[in-house]
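Protein chains in written order, with my numbering: chain Y, 1455 to 1641; chain P, 205 to 518. Don't be surprised by glycine CBs; every beta carbon is placed ideally from N, CA and C. In what follows, a structure is listed as structure tokens, so that the remarks can point back to it.
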Amino acid sequence: MKNPYEVLGVTPNATDEQIKNAYRKLAKKYHPDSYVDNPLSDLAAEKMREINDAYDKIMLMRKNRGASSSQFSDIRNLIFSGDFSRAELLLDSVPANSRSAEWYFLKASVLYKKGWFHEAENHFERAHFMDPQNAEYRQAYNHIINQASGRAYRTSPYGEAHCDTCTLCQTLLCINCLCDACGTDCC
Amino acid sequence: MISCAQFVAQVRKCSKQNSIELEHVFVFGYVKAFQPEMKVRELESYKGVYCSLCKVLGKEYGPIARFTLNYDFTFLALLRLSLLEKCYGFKPKRCSFNPFKKCCIYLEDEGVLKSVAAIAMIFFYYKVKDNLSDSRFMGKIASIMIMPWAWLAHRKAKKIEPGVEAMCSKAMSEQAKLEASDCTSMDKAAEPTSRLLSYIAGQSARDSHEKIALERFGYCLGRWIYLIDAADDIDSDIKNNNFNPFVSCMALNPNNYIEYAKHSMNICISEMVSCLEKIEIKRFNPIISNIVIYGLAKQQSLILEKREANEKSL
């Protein structure tokens, strides 16, 4: 997952106005209308999608977060860039009485990345119950509950049979097997 | 005449009944395919890889090594072979144990099967070492008798897979330490096994993105194996006053641990499936997905519902 701030070329501490300006500048540069009949149109479209996703993500994060958590925006940035150990260190340094729903959500995200699913689930649950209106926390909690139910992997498209590149080998094996089944060994 | 796989299954069933696993690190027999959902050609490939591994074990470590073979290492071999660029194909040969039986051998020569065989020998050595501290006389005698051979095999295998050897040794000592300190965190208890399998899975990665996906896959598989073994052994652990994560970390007992066990193992399987979607698997895809989606779930339901696990012969 790419860091949305990096995609737009801004720092996590940029104001909303700065982010909007950065978005407009990039959107103007990569807009599909400028790439009609251009061999790079696919790349431009991909970049445009990335820019739109990054902008939406930042706006959603800021909307959900409210005013008071610049320390958590640093931690979110660390999580996005994959530096989970440092993110966890920073989270653990927050005193117990200042631990908001967002703290529990971010701690759960780090634990989930580590593979500590038991504690991650507990923290996602706490974040969700502390702030039931928050869509991000609810989505994360529902995701892990869905995984725990077994529904997530049973309906995976990965589970459907599809051709793979070794059908020739397997067909030869099958012929070998069938030869045995006929009682004669012609292979 | 029974097949070599049937004989091995019988021997293993007896040895599991006679030994106590003091640490839930080196445990085998849970990672297998669910054959009713396999196509015939997939089953033949699965058998072929099993037989190939058997041949390599026998060639590198002697005939006794063949008896250590299990489905878990067959899965590791499948996973590693699935990532190779080149497909080597199968060739019909004769079974070394039962000359009347034909088997198909995968002709890979990149050292993958040799690596998996070395890992199998390292695991076997640590398993025997663990069993040496078995308090039961019969268990101890069997381990004492096999130890010299296991030690020699381990010495050879260590040269092929020194990284795995170091990680196994580390996992054993970390597991012993946390069990001795009355660990109360489920996640911490599963960590040594998870990290060990994460390392082993990550070894076959061809680039950094694939390494992340493979390491996470291995981590979740290790965690799943740790949990299912703990679920399987809960009764004997309580009886012998051994560490069991469900009892020590969650204050559960044989009457109420099942829901939680299923819950935590399902998360592991879901994550494994997500990881596999990110890996470019070149062959044996349906077999690997059968094992992860159907096989593991089947083992889960067998163990948690305490039904007799009938080991189907290959």
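Just to confirm before moving on: does the CB-CB distance between ILE326 of chain P and GLU378 of chain P stay below 7 Å?
no
Are the C-beta of ASP436 of chain P and some C-beta of chain Y separated by less than 7 Å?
no
Whose C-beta lies closer than 7 Å to the C-beta of PHE238 of chain P among residues of the same chain, with five residues either side of it excluded?
ASN494, TYR498, GLY499 and LYS502
Within the continuous beta strand (DSSP E) that includes TYR310 of chain P, where are the two ends?
306-310
Tell me where the beta strand (DSSP E) around PRO296 of chain P begins and ends.
294-298
Chain A contact for HIS1572 of chain Y (CB, 7 Å cutoff):
Included in the structure are the protein chains Y and P, with no chain A among them.
Which of helix, strand or coil DSSP assigns to LEU317 of chain P
Looking at LEU317 of chain P - three-state DSSP - the assignment turns out to be helix.
At the 7 Å Cβ level, is VAL316 of chain P part of the contact set with chain Y, yes or no?
VAL316 of chain P does not count as touching chain Y.
Name the chain P residues that come within less than 8 Å of ALA1541 of chain Y, Cβ to Cβ?
Result: empty, since nearest Cβ-Cβ is about 16 Å, beyond 8 Å.
Give me the Cα-Cα distance between ASP1470 of chain Y and HIS413 of chain P, rounded to the nearest whole angstrom.
33 Å
Along chain Y, which residues have their Cβ under 7 Å away from the Cβ of MET390 of chain P?
HIS1572
As an exercise, report each continuous alpha helix (DSSP H) stretch of at least 4 residues that is fully enclosed by the segment 473-500 of chain P, in chain order.
489-493
Return yes when the Cβ of ILE473 of chain P is within less than 7 Å of the Cβ of TYR1607 of chain Y, no when it is not.
Yes. Within cutoff.
What is the C-beta distance between PHE421 of chain P and MET371 of chain P, in whole angstroms, given that I count them as a contact (C-beta under 8 Å)?
So it is not a contact: roughly 16 Å between Cβ atoms.
Roughly how many angstroms lie between the CA atoms of ALA513 of chain P and ARG298 of chain P, to the nearest whole one?
Confidence is the limiting factor: at ALA513 of chain P the pLDDT is only 42, short of 50, which leaves the residue's position unreliable and the question unanswerable from this model.
Excluding the 5 residues flanking LEU257 of chain P on each side, which residues of the same chain have their C-beta closer than 7 Å to its C-beta?
LEU273, PHE277, THR278, ALA281, LEU317, VAL320 and ALA321
Neighbour flag for GLU1460 of chain Y against chain P, beta carbons, 7 Å:
no
Beta-carbon gap between ALA1589 of chain Y and TYR1558 of chain Y smaller than 7 Å
Between ALA1589 of chain Y and TYR1558 of chain Y, the C-beta gap is not smaller than 7 Å, which leaves the two residues out of contact.
How would you write the range of the alpha helix (DSSP H) that PHE301 of chain P sits in, first residue to last?
Neither: PHE301 of chain P is in no alpha helix (DSSP H) and is coded neither H nor E.
Tell me whether the beta-carbon of ALA393 of chain P lies closer than 7 Å to the beta-carbon of CYS453 of chain P.
yes
Same chain, Cβ closer than 6 Å to LYS362 of chain P, five either side skipped, listed in chain order
GLU369
Could you tell me the distance, in whole angstroms, from the CA atom of PHE344 of chain P to the CA atom of CYS424 of chain P?
The amino acid at residue 344 of chain P is misidentified as Phe; the sequence shows Lys. In a straight line, the C-alpha of LYS344 of chain P is about 32 Å away from that of CYS424 of chain P.
For the alpha helix (DSSP H) containing SER1547 of chain Y, name the first residue and the last one.
Taken as a continuous stretch (DSSP letters only), SER1547 of chain Y belongs to no alpha helix (DSSP H), as it is neither H nor E.
Option in P:PHE232, P:PHE304 and P:VAL260 with minimal Cα separation from TYR330 of chain P:
P:PHE232
May I ask you to verify whether the segment 1471-1479 of chain Y touches the segment 1528-1548 of chain Y, counting CB pairs closer than 8 Å and requiring at least 3?
no
Is the shortest distance between the beta-carbon of ALA1602 of chain Y and the beta-carbons of chain P less than 7 Å?
yes
Listed by chain order, chain Y residues near SER468 of chain P by CB distance under 8 Å:
Under the 8 Å cutoff, chain Y gives PHE1571, HIS1572 and ALA1602.
Beta-carbon separation of ALA1408 of chain Y and VAL1461 of chain Y under 7 Å?
Outside the modelled stretch of chain Y, which goes from 1455 to 1641, sits residue 1408 of chain Y, for which no answer is possible.
Under the three-state DSSP convention, the category VAL1564 of chain Y falls into:
helix
Please identify, using Cβ separations under 7 Å, the residues of the segment 266-296 of chain P that lie next to chain Y, in order along the chain.
CYS291, GLY293, PHE294 and PRO296
Distance, Cα to Cα, SER286 of chain P vs LEU480 of chain P?
Cα to Cα, SER286 of chain P sits roughly 12 Å from LEU480 of chain P.
Looking at the unbroken alpha helix (DSSP H) that takes in GLN1601 of chain Y, where does it start and where does it end?
1589-1603
Spell out a yes or no on whether the segment 301-313 of chain P and the segment 432-448 of chain P are touching, meaning 3 or more CB-CB pairs, one atom from each, closer than 8 Å.
The segment 301-313 of chain P, when compared against the segment 432-448 of chain P, does not touch it at the 8 Å Cβ threshold.
Give the straight-line distance between the Cα atoms of TYR1459 of chain Y and ILE1512 of chain Y, rounded to the nearest whole angstrom.
8 Å
TYR265 of chain P versus PHE341 of chain P - alpha carbon distance:
27 Å
Using a Cβ-Cβ distance cut-off of 7 Å, determine whether SER377 of chain P contacts chain Y.
Closer than 7 Å: no.
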